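This report concerns only the one structure given below.
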Amino acid sequence: MRKALLAAGAAVAAAALLAGCSSNTGSGSGATADHNLSASISYAFWDVNQKPAMEALIKDFNKEYPNIKVTTQVTPYQNYFTKLQTQGSSKTLPDVFWMNGPNFQLYASNGLLEPVGSGIDPANYPKALNELYSYDGKQYGAPKDFDTIGVFYNKAVFDKAGVAYPTADWTWDEFHQKAKEISDKLKADGVYGVASGLSGGQEVYYNTILQAGGEIISSDGKKSGYDSAASIKGLQFVRDLVADGSSPTPSQLSDTPQDQWFINSKSAMIWSGTWLNAELLASPIKDTIALAPLPKGEKQATVIHGLANVVAKDSKNKAAAVAFQNYLGGKQAAETQAEMGAANPAFNGTQDAFVKTAPWDLNIFEKAAADYAYPYPISKNTAAWNKAENDLLPDAFSGKRPVADVAKDLAKQMNADLAKE
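If you're matching positions, the sequence shown starts at 6 in the numbering used here and goes up one per residue.
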């Protein structure tokens, strides 16, 4: 999900706090537990928009395990991994909790997670997600959902500006031209063509780097790709949107998140993923929203990522926690998520129900995953260089420093971080 990078600073500190934890020696639990098992477990996640769906899953789980009480813990993402870091160091992690790609290896390598057992069949999920949540030959996460990126746009804003809607084969130049034209025509109303989410790479600049032919990290995870000419070109595209007023500034976006710009009809477009579906369905503009593929640069590309449900190694009610993880990783739970529009489920063959939850064409996300998706960039301590991204790139996007200079400094810092892994 998009919340992959925002709390990088807190997660960096976790490396030191988690270093004293024991190494992983346990094996996953079996497929089933006693249905009369009595226990109380906690389930932690960060997206309040998905809380109704998570509560529905718990209700269904309790039909099979009526004596297992599941208590939810919802923590806003900006504090989520900070809280987990503290809990991890004191061995008081929630019994079951959401995990994302950038943080996974840190927790797995420090012995904080329980490997999945026979209750989770990897054949039921996209191979890339199984690999994302595997470490040192063992899988630890039950894939929950996956997401790619597209362009949500407000047809009413396009109509007001007299600008033609996006096409499926549009290009960077066409995207920029539409964004600029809308910003110019609706300037008096404080409306921008696009609100570019710059707080993390997944929504925008990871995609533009890939589309320009660059890379964020080398395939072996040893070297930064930020200082290549192609990667710099991808970053420059984002800067250019801010420079000519097609997008709000990083400062403006820091004050008001991009989804709020869009929902309040103050931006005609946003680049975002499947996780935004539930929020948009509940928004006042739901009847005027449409979805287009990302515009094409040198090539078409999108980042693919997904969440997983994991079990704490030190859970005091591990049998109950594993039973809940197994349920969450099953077909019924995936279908419930899909039908409620909470997320695009990872369980193979259950995505159709999710696609039908919105009037806009969610098949665009599925097609992107199948045709031009690239794995989310991670390493053992992704958070270290995520922090460098968040610290340095705002100067490039705001125009405070040349994009190329910032990119080279970022590559240098990232390479130093990678060398420490």
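Glycine residues also receive a C-beta, built at the ideal position from the N, C-alpha and C atoms.
Just so you know, these numbers come straight off a predicted model, no measurement behind them.
- Whose C-alpha, out of 377, 351, 212 and 407, is nearest the C-alpha of residue 127? For the purposes of this step, residue 127 is taken as the residue at position 122 of the sequence shown. Considering only alpha carbons, the answer is 351.
- Task: Note down the Cα distance separating residue 27 from residue 108, rounded to an integer number of angstroms.
- Result: On the sequence shown, position 22 is the one that residue 27 refers to. On the sequence shown, position 103 is the one that residue 108 refers to. Low confidence applies to residue 27: its pLDDT is 45, below 50, so where it sits in the model is not reliable, and the reading given next is rough at best. Approximately 18 Å between the Cα atoms of the pair.
- For residue 324 and residue 163, believed in contact at Cβ under 8 Å, the rounded distance: Counted from its first residue, the sequence shown places residue 163 at position 158. Counted from its first residue, the sequence shown places residue 324 at position 319. Not confirmed; about 54 Å, so no contact.
- Message: One question on the structure: do residue 334 and residue 137 come within less than 8 Å of each other, judged by their Cβ atoms?
- Response: For the purposes of this step, residue 334 is taken as residue 329 along the sequence shown, with counting starting at 1. For the purposes of this step, residue 137 is taken as residue 132 along the sequence shown, with counting starting at 1. No, the Cβ-Cβ distance between residue 334 and residue 137 is not below 8 Å.
- Extent of the continuous alpha helix (DSSP H) run through residue 137: In the sequence shown, residue 137 corresponds to position 132, counting from 1. First-last of the alpha helix (DSSP H) with residue 137: 132-137.
- By Cβ distance, which residues of its chain are closer than 7 Å to residue 393, with the 5 residues on each side in sequence left out? Locating residue 393 in the sequence shown gives position 388, counting from the first residue. So the qualifying residues of the chain are 415, 418, 419 and 422.
- Could you give the C-beta distance for residue 188 and residue 250, rounded to a whole number, given that I count them as a contact under 8 Å? Position 183 of the sequence shown, counted from the first residue, corresponds to residue 188. Position 245 of the sequence shown, counted from the first residue, corresponds to residue 250. Yes, they are in contact, since the Cβ atoms of residue 188 and residue 250 sit about 5 Å apart, within 8 Å.
- For residue 229, the three-state DSSP class (helix, strand or coil): The sequence position of residue 229 within the sequence shown is 224, counting from 1. Strand.
- Task: Let me know the beta strand (DSSP E) ranges lying completely inside the stretch 215-291, each 3 residues or longer, listed in chain order.
- Result: 272-278
- Message: Considering only the alpha carbon of each residue, which of 186, 316 and 397 lies closest to residue 48?
- Response: Along the sequence shown, one-based indexing puts residue 48 at 43. The candidate whose alpha carbon is nearest that of residue 48 is 316.
- Query: From residue 223 to residue 212, what distance separates their C-alpha atoms?
  - Reply: Position 218 of the sequence shown holds residue 223. Position 207 of the sequence shown holds residue 212. Using only the alpha carbons, I get a separation of about 15 Å.
- Message: Please state the DSSP three-state secondary structure of residue 209.
- Response: Against the sequence shown, residue 209 aligns to sequence position 204. Correct three-state label for residue 209: coil.
- Query: Taking the alpha helix (DSSP H) that residue 84 falls in, what are its first and last residues?
  - Reply: Position 79 of the sequence shown, counting from 1, holds the residue named residue 84. Where residue 84 is concerned, the enclosing alpha helix (DSSP H) stretches over 82-94.
- Query: Using DSSP with H/G/I as helix, E/B as strand and the rest coil, what is residue 47?
  - Reply: In the sequence shown, residue 47 corresponds to position 42, counting from 1. Strand.
- Query: Among 243, 124 and 149, which one has its Cα closest to the Cα of residue 178?
  - Reply: Translated into the one-based positions of the sequence shown, residue 178 becomes position 173. Of the candidates 243, 124 and 149, the one whose C-alpha sits nearest the C-alpha of residue 178 is 243.
- Query: Counting along the chain, where does the beta strand (DSSP E) carrying residue 3 start and finish?
  - Reply: What is shown of the chain runs 6 to 426, which leaves residue 3 out entirely.
- Message: Measuring only the C-alpha atoms, how far is residue 378 from residue 153?
- Response: Position 373 of the sequence shown, counted from the first residue, corresponds to residue 378. Position 148 of the sequence shown, counted from the first residue, corresponds to residue 153. In a straight line, the C-alpha of residue 378 is about 7 Å away from that of residue 153.
- Query: For residue 429, which option in 275, 81 and 349 has the closest C-alpha, if you only look at C-alpha atoms?
  - Reply: The structure shown has nothing for residue 429, since the chain only spans 6 to 426.
- Item | When 112, 44 and 139 are compared against residue 89, the one with the closest alpha-carbon | If you number the sequence shown from 1, residue 89 lands on position 84. Closest option to residue 89, Cα to Cα, is 112.
- Message: So within the stretch 354-389, which uninterrupted beta strand (DSSP E) runs reach at least 3 residues, ignoring any that extend past its ends?
- Response: 378-380
- Cutoff 6 Å; reference residue 296; Cβ partners in own chain excluding five residues on either side: For this step, residue 296 is matched to residue 291 along the sequence shown. Closer than 6 Å at Cβ, skipping near neighbours: 155, 157, 365, 366 and 369.
- Count the other CB atoms, across all protein chains shown, that sit within 10 Å of the CB of residue 94; report buried if there are 16 or more and exposed otherwise. By one-based count along the sequence shown, residue 94 stands at place 89. Looking at its Cβ environment, which holds 16 or more other Cβ atoms inside 10 Å, residue 94 is buried.
- Return the residue from the list 150, 362 and 53 that minimises the CA-CA distance to residue 309. The sequence position of residue 309 within the sequence shown is 304, counting from 1. Checking every option, the nearest Cα to that of residue 309 belongs to 150.
- Item | CB contact flag (residue 221, residue 230, <8 Å) | On the sequence shown, position 216 is the one that residue 221 refers to. On the sequence shown, position 225 is the one that residue 230 refers to. It is a contact, given that the beta carbons lie within the stated cut-off.
- Query: If residue 101 sits next to residue 329, beta carbons under 8 Å apart, how far is it from one beta carbon to the other, in whole angstroms?
  - Reply: The sequence position of residue 101 within the sequence shown is 96, counting from 1. The sequence position of residue 329 within the sequence shown is 324, counting from 1. That belief holds up - the Cβ atoms of residue 101 and residue 329 are roughly 5 Å apart, short of 8 Å.
- Query: Out of 165, 174 and 77, which has the shortest C-alpha to C-alpha gap to residue 190?
  - Reply: Position 185 of the sequence shown, counted from the start, is the residue given in the question as residue 190. Taking only the C-alpha atoms, the option nearest residue 190 is 165.
- Message: Quick check on the burial criterion: 16 or more other C-beta atoms within 10 angstroms. Buried or exposed for residue 181?
- Response: By 1-based counting over the sequence shown, the position of residue 181 is 176. The residue in question, residue 181, is buried, as its Cβ has 16 or more Cβ neighbours within 10 Å.
- Message: Considering only DSSP beta bridges, list what residue 350 is partnered with.
- Response: Locating residue 350 in the sequence shown gives position 345, where the first residue counts as 1. DSSP, once it has assigned bridges, lists 150 as partnering residue 350.
- Could you give the distance in angstroms between the alpha-carbon of residue 133 and the alpha-carbon of residue 206? Position 128 of the sequence shown, counted from the first residue, corresponds to residue 133. Position 201 of the sequence shown, counted from the first residue, corresponds to residue 206. Roughly 19 Å between the two C-alpha positions.
- Query: To which residues of the same chain is residue 55 closer than 6 Å at the C-beta, ignoring the five residues directly before and after it?
  - Reply: Here residue 55 refers to the residue found at position 50 of the sequence shown. Cβ neighbours of residue 55 beyond the five flanking positions: 347.
- Continuous alpha helix (DSSP H) stretch holding residue 314: start and end: Taking the sequence shown and counting its residues from 1, one reaches residue 314 at position 309. Per DSSP, residue 314 belongs to no alpha helix (DSSP H); it is in the beta strand (DSSP E), 313-316.
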